[in-house]
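Notes for the one structure printed next.
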Ligand SMILES: Nc1ncnc2c1ncn2[C@@H]1O[C@H](COP(=O)(O)OP(=O)(O)O)[C@@H](O)[C@H]1O
Ligand SMILES: Nc1ncnc2c1ncn2[C@@H]1O[C@H](COP(=O)(O)OP(=O)(O)O)[C@@H](O)[C@H]1O
Ligand SMILES: [Mg+2]
Ligand SMILES: [Mg+2]
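Residue numbers (our numbering), protein chains in the order written: chain A, 1 to 329; chain B, 330 to 666; chain C, 667 to 987.
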């Protein structure tokens with residue numbers, strides 16, 4: 001397995017202004033010193049409650065936000081700042097799919113124009129396959145051809161090309177978002193809550209589809225979600241995030257079978273189960289975890305002003321890391 | 330003997346669209362007992378909210394036809410005037426909505442919004458302040474004093490939904506309708522809100538109509554389940570029956586689409602197609618069968634009796650296809666929306 | 667909150683300086699000056715030059731500006747050369763400002779009162795006869811050119827149904843408006859009503875469509891589910907939310923009075939600042955003109971400030987803690 005993206009000690013702070021002169025008086029530490037690695041062809045899950053900083057990591061990774069400090073390496077090359085990303089046409093390799101397909105698709109553009117956008121900037125690859133690095137063409141006829149091909153890949157009819165976003169259902173719009181992200185043969189797609197707004201039946205379509213393009217084109221995903229059920233099905237590795245910090249990190253099995261941090265346990269205990277016979281037991285367990293979480297915060301967190309700040313990660317096994325003092329022993 | 334709280338018979342709803350009435354709900358029968366949680370589940374667009382709004386009498390009378398009978402505590406609701414409905418809304422039945430941010434008035438203090446639910450039915454009510462504080466405490470908001478002085482945007486999503494629940498509870502209604510109460514919330518907050526609803530329901534012995542598209546929520550909360558598709562009930566069962574012994578192809582398809590118990594190596598079952606548009610619904614057929622590609626036209630178009638078929642005393646299903654229905658293996662469902 | 671207001675007020679200082687320079691330059695660009703044209707035709711060029719020199723009009727513009735600003739800061743806006751020859755400009759404005767201010771306030775109150783009642787009526791009866799009628803009326807008033815509209819009002823209320831006193835006859839130009847405040851106020855009513863009727867339509871259209879938008883919002887459903895009657899939902903919930911985007915305009919509409927007054931005052935012979943402006947303009951009484959433009963600039967800035975304060979006051983979401 002080869003490393004595709006490495007993130008080292010990433011920090012993204014948003015300034016808080018206040019006082020008479022509107023000076024920066026504080027920072028929101030949206031992302032506070034996280035490191036992880038995404039392998040080629042794998043799906044990395046990023047899980048946490050809303051406000052924990054997931055989207056901010058995604059945005060820094062695709063170049064919609066400049067990190068405050070830390071490093072982002074793409075195949076060993078530094079691409080931390082937006083400037084560095086622009087210099088190597090990084091976005092032909094890294095694209096994003098947003099949760100809210102409604103607002104991320106320009107309502108005044110046709111689907112054809114929306115999908116063609118990245119092709120106009122980065123050219124049409126001559127061959128399909130993740131990260132194809134060869135010749136790229138900017139001819140209009142090639143662009144049109146590629147748009148049709150993409151619509152076919154995401155299972156939408158050719159006439160879609162001249163239609164507008166409002167004419168589609170949520171699931172269809174999500175596929176259009178995926179088609180746009182796929183246009184340039186990226187190697188990594190950051191998928192920010194891609195199915196959170198969808199019905200079960202449509203969610204299944206989109207998830208199957210993401211798995212299929214991963215198989216066919218060896219694409220990597222950074223899969224952001226607060227739904228652990230979906231994450232379990234989709235990912236190989238998972239980072240659990242709380243207040244801008246990673247509290248636990250490991251393979252999907254590590255997290256689901258061997259969760260060590262109380263925050264992870266709390267997330268897991270909140271997943272509704274389809275097993276009706278277990279529900280009372282689960283409710284009792286959930287209450288117990290919640291009590292542990294609220295009563296023993298000093299065991300699991302450092303205090304940082306009013307905010308809970310997770311400890312630095314400690315290695316437990318080869319793949320499994322937990323943010324506990326002394327690794328929880 | 331269980332006490333029947335809500336009894337809906339043959340409830341149909343049609344909306345006036347481009348000058349013509351189109352049926353959104355077709356002859357829905359369901360009843361809720363006191364102290365029971367009844368889940369109404371189905372994909373979006375299947376008619377769940379339309380049913381809830383009929384019980385609340387909140388459809389626009391100029392654009393909507395509601396027929397059939399809805400009785401709450403033996404009082405008929407269909408045909409009430411607006412003024413009569415105003416007296417019963419918020420008193421006999423309280424409602425919780427999906428998005429607690431947009432469901433609260435952004436310009437009004439939390440305390441005032443809860444107080445309004447009390448004073449609108451009881452102008453002279455003294456002690457309103459105390460009751461508001463008590464309601465906030467009841468829904469688990471500890472610093473009630475401060476929160477009642479705040480505005481909706483100053484609260485988290487979970488807190489806002491607690492406030493909505495406090496509003497619904499203000500007059501201790503017999504029936505609480507919760508329309509996707511946790512869909513907009515994080516899983517941890519969802520669990521807390523569901524636990525809170527359960528707790529309240531046990532304490533007040535209220536009936537709950539819980540509307541959701543999330544089967545996990547159903548499994549956690551419901552005593553009985555009604556599965557709705559294209560404006561009709563297709564399966565009606567106790568919660569154990571529904572999950573252990575699902576019958577209707579729609580219910581079974583939904584359960585198979587849920588990723589939580591599927592091996593990551595396998596594809597999920599993705600139901601092809603979508604809920605049909607209102608003008609494309611022939612309610613004499615089992616409309617879901619159109620979305621089962623391997624059934625032949627004869628089966629798909631066969632007329633279906635209005636009565637649900639009995640499986641056992643706790644379990645009723647629409648049509649007959651469930652008796653022989655099998656998934657086609659291997660499931661082939663690529664690239665369909 | 668107060669900190670923000672204070673910051674905004676301090677920010678106004680550089681803005682005011684800019685406005686004053688602009689106003690001063692505009693005055694400079696105006697053709698001619700009071701000493702050509704309006705003086706005794708017999709006076710010779712040398713006399714005029716002497717008078718110009720005495721008034722400092724032969725200095726370079728920046729020196730004139732600095733001198734002028736210095737005077738302004740001391741409350742000295744110069745003396746009128748034409749309109750009320752020899753009077754201090756502050757005195758003229760001090761006298762004329764009351765009629766205009768009272769007319770402006772009456773006009774603003776009437777405008778919002780008419781717009782709100784009409785919009786509520788229309789929205790509550792969407793697509794019914796009354797809604798359609800109000801739409802037609804308001805489209806009409808917005809389509810008619812203002813001059814035609816003012817003349818219709820004039821003819822209607824002065825000759826056909828003369829219920830309002832019309833000024834030219836009543837108010838004495840030289841008499842202080844405040845000494846007979848309420849008597850004089852009655853003269854303000856007709857021009858104010860005219861301004862209001864004419865400016866209601868845009869607020870009406872906007873408010874009506876806001877009301878309809880707000881009516882479809884989720885919080886309305888919540889209020890209905892509590893058992894609040896629809897008319898109370900409008901009153902207590904919808905109106906305030908629909909009014910929000912308009913509220914910030916109130917500040918501007920009060921200070922925009924001067925602009926609207928020019929027309930109304932001239933037509934109805936009402937002796938306020940608007941009429942003064944026209945008089946001063948035709949007489950090239952440019953100390954008066956400059957003072958009025960400065961006042962207008964100041965009012966515009968105050969309007970902006972007022973609007974911000976109003977917005978923050980009605981909308982807790984933009985209130986700064
Ligand atoms: N542009 C921004 N300016 C200020 N704060 C922001 C901005 N974007 C996000 N934040 C804050 O950063 C934190 C993390 O946000 P986000 O990455 O969106 O979380 P998540 O995606 O996990 O819900 C939150 O506290 C959020 O309010
Ligand atoms: N006021 C209305 N006017 C016209 N059509 C409506 C109206 N309300 C709902 N519908 C339609 O009725 C169907 C059922 O909607 P709804 O009850 O909201 O479904 P659910 O709550 O199950 O998602 C949908 O096709 C929807 O578009
Ligand atoms: Mg996010
Ligand atoms: Mg609904």
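A virtual CB, placed ideally from N, CA and C, is assigned to each residue, including glycine.
Proximal residues to residue i (C-beta, below 7 Å), its chain only, five neighbours per side dropped
i                     : result
residue 823 (chain C) : 829, 830 and 856
residue 797 (chain C) : 788 and 791
residue 297 (chain A) : 308
residue 957 (chain C) : 743, 755 and 759
residue 600 (chain B) : 582, 586 and 620
residue 390 (chain B) : none
Own chain partners of residue i with C-beta closer than 8 Å, once the 5 adjacent residues on each side are dropped
i                     : result
residue 499 (chain B) : 419, 423, 443, 446, 447, 460 and 464
residue 305 (chain B) : Because chain B is modelled from 330 through 666, residue 305 (chain B) falls outside the range shown and cannot be assessed.
residue 438 (chain B) : 477, 478, 479 and 480
residue 474 (chain B) : 462
residue 976 (chain C) : 913, 914, 916 and 917
As assigned by DSSP and simplified to three states, the class of residue i
i                     : result
residue 486 (chain B) : helix
residue 652 (chain B) : helix
residue 177 (chain A) : helix
residue 168 (chain A) : coil
residue 835 (chain C) : Low confidence applies here, because residue 835 (chain C) scores a pLDDT of 42, under 50, leaving its location unreliable; read the following figure in that light. In this structure, residue 835 (chain C) counts as helix in the three-state DSSP scheme.
residue 952 (chain C) : helix
residue 108 (chain A) : coil
residue 320 (chain A) : coil
residue 903 (chain C) : helix
residue 359 (chain B) : strand
residue 15 (chain A)  : strand
residue 189 (chain A) : strand
residue 911 (chain C) : helix
Distance cut-off 6 Å: residue i Cβ against heavy atoms of ligand 3
i                     : result
residue 693 (chain B) : Nothing can be reported for residue 693 (chain B), as the shown portion of chain B is limited to 330 through 666.
Residues near residue i by beta carbon distance below 6 Å, same chain, minus five either side
i                     : result
residue 682 (chain C) : none
residue 536 (chain B) : 334, 361, 363, 365 and 504
residue 300 (chain A) : 262
residue 184 (chain A) : 92, 118 and 122
residue 880 (chain C) : 904, 907 and 908
residue 940 (chain C) : 927, 928 and 931
residue 608 (chain B) : 351
residue 753 (chain C) : 746
Integer Cβ distance of residue i from residue j, believed to fall under 8 Å
i                     : j                     : result
residue 736 (chain C) : residue 730 (chain C) : At roughly 11 Å, the Cβ-Cβ gap does not stay under 8 Å, so residue 736 (chain C) and residue 730 (chain C) are not in contact.
residue 178 (chain A) : residue 161 (chain A) : In fact, because the Cβ distance is near 16 Å, the residues do not count as touching under 8 Å.
residue 95 (chain A)  : residue 189 (chain A) : 5 Å
residue 968 (chain C) : residue 692 (chain C) : With a Cβ gap of about 20 Å, residue 968 (chain C) and residue 692 (chain C) do not count as contacting.
Cβ-heavy atom distance, residue i to ligand 1, below 6 Å
i                     : result
residue 401 (chain A) : Here chain A covers residues 1 to 329 and nothing more, so residue 401 (chain A) does not appear.
residue 54 (chain A)  : yes
residue 485 (chain B) : no
residue 50 (chain A)  : yes
residue 90 (chain A)  : no
residue 30 (chain A)  : yes
Residue i: CB within 6 Å of a non-hydrogen atom of ligand 2
i                     : result
residue 378 (chain B) : yes
residue 341 (chain B) : no
residue 18 (chain A)  : no
residue 567 (chain B) : no
residue 375 (chain B) : yes
residue 353 (chain B) : yes
Does the count of Cβ pairs from the segment 579 to 597 of chain B and the segment 394 to 408 of chain B closer than 8 Å reach three? no
Are the segment 221 to 231 of chain A and the segment 193 to 206 of chain A touching by the rule of at least three beta carbon pairs closer than 8 Å? yes
Is the number of C-beta pairs between the segment 35 to 47 of chain A and the segment 233 to 243 of chain A that are closer than 8 Å three or more? yes
Count the CB pairs spanning the segment 772 to 787 of chain C and the segment 870 to 887 of chain C that are closer than 8 Å, and state whether there are at least three. yes
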